[in-house]
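S.K.: Everything in the sequence shown is counted per my numbering, starting at 401 for the first residue and increasing by one. Cβ coordinates follow ideal geometry from the N, Cα and C atoms, glycine included.
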Amino acid sequence: MGDHSLFYQADYVDHQSTTDTHDNGSSYQIDSIVYHTVSYSYTMPWNNTISAGINNLTDEDPRFDASGDYESSIYDIIGRSYWVSFTQAF
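#1: In angstroms with no decimal places, state the Cα-to-Cα distance between ASP423 and ASP469.
#2: Look at the alpha carbon of ALA452 and the alpha carbon of ASP465, and state the distance between them as a whole number of angstroms.
#3: Taking the beta strand (DSSP E) that ASP420 belongs to, which residues open and close that run?
#4: Give the single residue among ILE477, VAL484 and ARG463 whose Cα lies nearest to the Cα of SER439.
#5: Do ASN447 and GLN488 count as a contact pair if the criterion is CB distance below 8 Å?
#6: Might you give, ordered along the chain, the residues of its own chain that have their beta carbon closer than 8 Å to the beta carbon of MET444, omitting 5 neighbours on each side?
#7: Hey, how far is the Cα of ALA410 from the Cα of THR419?
#8: Are VAL413 and SER432 close, meaning C-beta to C-beta below 8 Å?
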């Protein structure tokens, strides 16, 4: 695309098993989830780039276990977020 670029990333977190059990004795499962990230960049003729993107495009909530907790190192706790950046090379 020349001076334009598009980026897409899908981050998949598989289902998780916990030591928690339902009242009937079956094990509690935390559902899998997919986070989508998209961005666009334009490189200008004078060695600079402007970029914009969206993290967690579909605004997925973290998956909670039976006690209502979640693992913050695995799941996105912020929700959908937007960003813009400008880079100048010298």
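M.R.: On the basis of the data shown:
#1: Taking the straight line from one Cα to the other gives about 18 Å.
#2: Straight-line Cα distance between these residues: approximately 34 Å.
#3: Residues 416-421.
#4: Comparing Cα positions, the closest option is VAL484.
#5: Cβ distance < 8 Å, so GLN488 and ASN447 count as in contact.
#6: The residues are ASP403 and ILE450.
#7: Using only the alpha carbons, I get a separation of about 28 Å.
#8: Yes, the Cβ-Cβ distance between VAL413 and SER432 is below 8 Å.
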